[in-house]
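S.K.: Below: one structure in structure tokens.
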Amino acid sequence: MIDLAVLRADTPGCASVTHLNNAGSALPPRVVTDTAVAHVRREEEIGGYEAHAEAADRVAAVYDSVARLVHAPRERVALVESATAAWDRGLQAIAFSQDIEPGDRFLVSAAEYASNVIPLLQLAQRTGGRVEFIPDGADGTTDVEALGAMLDERVRIVAITHAPSQNGLLNDVVGIGDMLRINGSPAWYIVDACQSAGQIPLDMGRIGCDVLSATGRKFLRGPRGTGFLVVSQRLLDEAEPFPLDLHGATWESELEFAVQPGARRFESWEKSYAALLGMGAAIDYALECGIDELRARIDTLAQGLRARLSEIPGVRVRDRGEIKTGIVTISAPDPAAIVAGLRAKGINTSHSTPDYARHDFAQHGITGLVRISPHAYNTDEELDRAVAAISRLLPI
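Structure (structure tokens):
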């Protein structure tokens with residue numbers, strides 16, 4: 008059972024702002040900031056290398072925290088600087104280690120994020136492959152059966168965003184993984200869990216993906232500049248990231264090197280250990296709260312928010328799917344002005360534009376959205392205040 012009073016007491020920002028932009032960057036609990044700042048202070052006192060050596064056991068524990076969060080062996084966990092870096096390094100390993108040929112196909116969800124589609128378009132341009140969007144089903148999420156009908160020996164990559172940033176839908180990544188296995192597809196399965204980590208339970212084994220990427224700064228409530236990559240044993244066995252540095256490989260002799268055996272081959276040597284320790288503290292905090300409990304609390308807030316927003320004339324709730332996340336999106340006149348007006352009142356939200364998810368916006372005729380994303384520490388009173396403010400900001 009989540010104690011709201013404790014959550015808010017642990018979150019200093021709750022005293023100064025109504026933060027409903029947790030799909031952007033959430034307010035951290037005090038332990039996250041204290042952990043990161045303490046390490047920076049230690050670097051100040053004894054030096055960066057020395058502070059890292061002193062904190063080696065605590066840094067190692069961050070791998071354990073990620074492993075517990077996603078139910079995967081710690082050897083398959085890499086700590087990186089962002090979800091995009093994690094996603095890109097998984098793709099780079101696949102592209103570098105596999106023979107991609109003209110006519111090969113890369114299947115992506117219709118709501119796929121720009122930073123995932125763009126590198127696949129690059130890969131298609133260089134290899135003669137092609138990017139194809141998987142149709143949505145009747146409920147507006149990725150149609151698993153339609154994906155099954157698209158599968159053949161030329162499908163090399165299937166990339167799915169679990170929880171899109173521009174809609175409250177939740178794609179069935181477990182069902183998609185099952186479909187790939189049932190069909191015996193050799194495709195590499197990449198899952199973007201950037202928005203789901205911290206608000207939706209994740210199980211790498213059940214999903215069955217080869218690459219899972221996530222950030223620390225959203226629903227996990229960690230620092231900016233943090234993320235993690237979790238990979239399958241298959242990827243470790245068959246793919247090698249490019250380029251490697253002296254952290255991902257060892258220089259064995261003048262003309263020979265050896266790749267690190269685990270997922271740390273995907274890391275770079277240089278990183279902010281203060282930020283990564285902060286992310287570890289954030290994950291531990293979320294696990295202590297309970298991901299299922301966080302999921303239930305966030306879902307209750309989001310459902311209530313959708314119901315209230317749907318009663319405002321001129322506002323249309325855009326979230327699809329029978330099962331939804333804590334991301335709430337609405338169409339309304341001049342969404343940018345609404346977001347700016349809310350911020351002026353101390354209410355943080357976000358403006359989603361077509362360049363975030365070009366295909367998704369186009370197929371639904373959307374030119375802009377107000378995105379409102381509550382977390383477990385938000386209150387019903389804060390949501391009431393936001394709804395009332397949106398109503399007043401609409402043109403008469």
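To convert, take the position in the sequence shown, counting from 1, and add 7; that gives my numbering.
Here a beta-carbon is modelled for each residue, glycine too, at the ideal position from N, C-alpha and C.
Would you call the region 324-341 in contact with the region 175-182, where contact means no fewer than 3 C-beta pairs closer than 8 Å?
M.R.: Taking 8 Å as the limit for Cβ pairs, the verdict is that the region 175-182 does touch the region 324-341.
S.K.: Give me the Cα-Cα distance between residue 90 and residue 121, rounded to the nearest whole angstrom.
M.R.: Taking the sequence shown and counting its residues from 1, the one referred to as residue 90 is at position 83. Taking the sequence shown and counting its residues from 1, the one referred to as residue 121 is at position 114. Going by the C-alpha atoms only, they are around 13 Å apart.
S.K.: Using a threshold of 9 Å, state whether the C-beta atoms of residue 380 and residue 356 are closer than that.
M.R.: By 1-based counting over the sequence shown, the position of residue 380 is 373. By 1-based counting over the sequence shown, the position of residue 356 is 349. Cβ distance < 9 Å, so residue 380 and residue 356 count as in contact.
S.K.: Which word fits residue 213, buried or exposed, when buried means at least 16 other C-beta atoms lie within 10 angstroms of its C-beta?
M.R.: Taking the first residue of the sequence shown as position 1, residue 213 is located at position 206. Under this definition residue 213 is an exposed residue.
S.K.: Restricting to Cα atoms, I'd like to know which of 321, 126, 327, 181 is closest to residue 342.
M.R.: Counting from 1 along the sequence shown, the entry for residue 342 is found at position 335. Nearest C-alpha to residue 342: 321.
S.K.: Assign residue 205 to one of three DSSP states: helix, strand, or coil.
M.R.: Walking along the sequence shown from the start, residue 205 turns up at place 198. Residue 205: coil per DSSP, three-state reduction.
S.K.: Using CA atoms only, rank isn't needed, just tell me which of 397, 385, 167, 398 is closest to residue 28.
M.R.: The sequence position of residue 28 within the sequence shown is 21, counting from 1. That would be 385, whose Cα lies nearest to the Cα of residue 28.
S.K.: Do the region 299-312 and the region 65-85 make contact, defined as three or more Cβ pairs closer than 8 Å?
M.R.: Flag = no, the region 299-312 and the region 65-85 do not touch.
S.K.: In terms of alpha-carbon separation, which member of 376, 237, 268, 369 lies closest to residue 347?
M.R.: Sequence index remark: in the sequence shown, residue 347 carries index 340 (1-based). For the residues 376, 237, 268, 369, the minimum Cα distance to residue 347 belongs to 376.
S.K.: With contact counted as at least three CB pairs below 8 Å, one residue from each stretch, are the region 225-243 and the region 196-207 in contact?
M.R.: Segments in contact, yes.
S.K.: So, helix, strand or coil for residue 178, using DSSP?
M.R.: Here the question's residue 178 lines up with position 171 in the sequence shown. Here residue 178 sits in coil by DSSP.
S.K.: Just mark residue 257 as buried or exposed, buried being the case when its beta carbon has 16 or more other beta carbons within 10 Å.
M.R.: Residue 257 sits at position 250 when you count from the first residue of the sequence shown. Exposed is the call here.
S.K.: Could you tell me which residues DSSP pairs with residue 195 in its beta bridges?
M.R.: Locating residue 195 in the sequence shown gives position 188, counting from the first residue. Beta-bridge pairing links residue 195 to 164.
S.K.: Determine the direct distance from the alpha carbon of residue 16 to that of residue 389, and round the result to whole angstroms.
M.R.: Indexing the sequence shown from 1 puts residue 389 at position 382. Indexing the sequence shown from 1 puts residue 16 at position 9. Spanning the two alpha carbons is a distance of roughly 16 Å.
S.K.: Are the CB atoms of residue 47 and residue 34 nearer to each other than 9 Å?
M.R.: Here residue 47 refers to the residue found at position 40 of the sequence shown. Here residue 34 refers to the residue found at position 27 of the sequence shown. Not closer than 9 Å, so no.
S.K.: Quick one: Cα of residue 283 to Cα of residue 354, how far?
M.R.: By 1-based counting over the sequence shown, the position of residue 283 is 276. By 1-based counting over the sequence shown, the position of residue 354 is 347. The straight-line gap from Cα to Cα measures roughly 28 Å.
S.K.: Which residues mark the beginning and the end of the alpha helix (DSSP H) in which residue 127 is found?
M.R.: Mapped onto the sequence shown, residue 127 falls at position 120. 121-134 is the span of the alpha helix (DSSP H), which, as asked, contains residue 127.
S.K.: Can you tell which of 362, 310, 8, 117 has its C-alpha closest to the C-alpha of residue 329?
M.R.: One-based indexing of the sequence shown puts residue 329 at position 322. With distances taken between Cα atoms, residue 329 lies closest to 310.
S.K.: Taking the alpha carbon of residue 276 as the point to measure from, which residue in 306, 251, 364, 235 has its own alpha carbon closest?
M.R.: Numbered from its first residue, the sequence shown carries residue 276 at position 269. The residue with the shortest Cα to Cα distance from residue 276 is 251.
S.K.: Would you be able to state if there are at least three C-beta pairs under 8 Å between the region 179-188 and the region 71-79?
M.R.: The answer is no - the region 179-188 does not touch the region 71-79, with fewer than three Cβ pairs under 8 Å.
S.K.: Quick check: the Cα distance between residue 238 and residue 196, rounded to an integer number of angstroms?
M.R.: Working through the sequence shown from its first residue, we reach residue 238 at position 231. Working through the sequence shown from its first residue, we reach residue 196 at position 189. Each residue's alpha carbon lies about 10 Å from the other.
S.K.: Tell whether a beta-carbon distance below 9 Å holds between residue 215 and residue 188.
M.R.: Within the sequence shown, residue 215 is the residue found at index 208, counting from 1. Within the sequence shown, residue 188 is the residue found at index 181, counting from 1. A contact, by the Cβ cut-off of 9 Å.
S.K.: When the Cα of residue 281 is compared with those of 20, 294, 231, 163, which residue comes out closest?
M.R.: One-based indexing of the sequence shown puts residue 281 at position 274. If we check each option's Cα against that of residue 281, 231 comes out closest.
S.K.: Exposed or buried, what is residue 8 when buried is set at 16 or more other beta-carbons lying within 10 Å of its beta-carbon?
M.R.: Looking up residue 8 in the sequence shown gives position 1. Residue 8 comes out exposed.
S.K.: Identify, in the order they occur along the chain, each residue of the same chain with its Cβ nearer than 6 Å to the Cβ of residue 59, setting aside the five sequence neighbours on each side.
M.R.: Stepping through the sequence shown from its first residue, residue 59 is reached at position 52. If we look at residue 59 and ignore the five residues flanking it on each side, its Cβ neighbours are 280.
S.K.: List the residues that DSSP assigns as beta-bridge partners of residue 338.
M.R.: Taking the sequence shown and counting its residues from 1, the one referred to as residue 338 is at position 331. In DSSP, residue 338 forms a bridge with 323.
S.K.: Quick one: using the 10 Å Cβ neighbour count with 16 as the cut-off for buried, is residue 191 buried or exposed?
M.R.: Taking the first residue of the sequence shown as 1, we reach residue 191 at position 184. Counting Cβ neighbours within 10 Å, residue 191 comes out exposed, since fewer than 16 surround it.
S.K.: By the three-class DSSP mapping on this structure, what secondary structure does residue 302 have?
M.R.: To locate residue 302, count along the sequence shown from 1; it is residue 295. The answer is helix: DSSP assigns residue 302 an H, G or I state.
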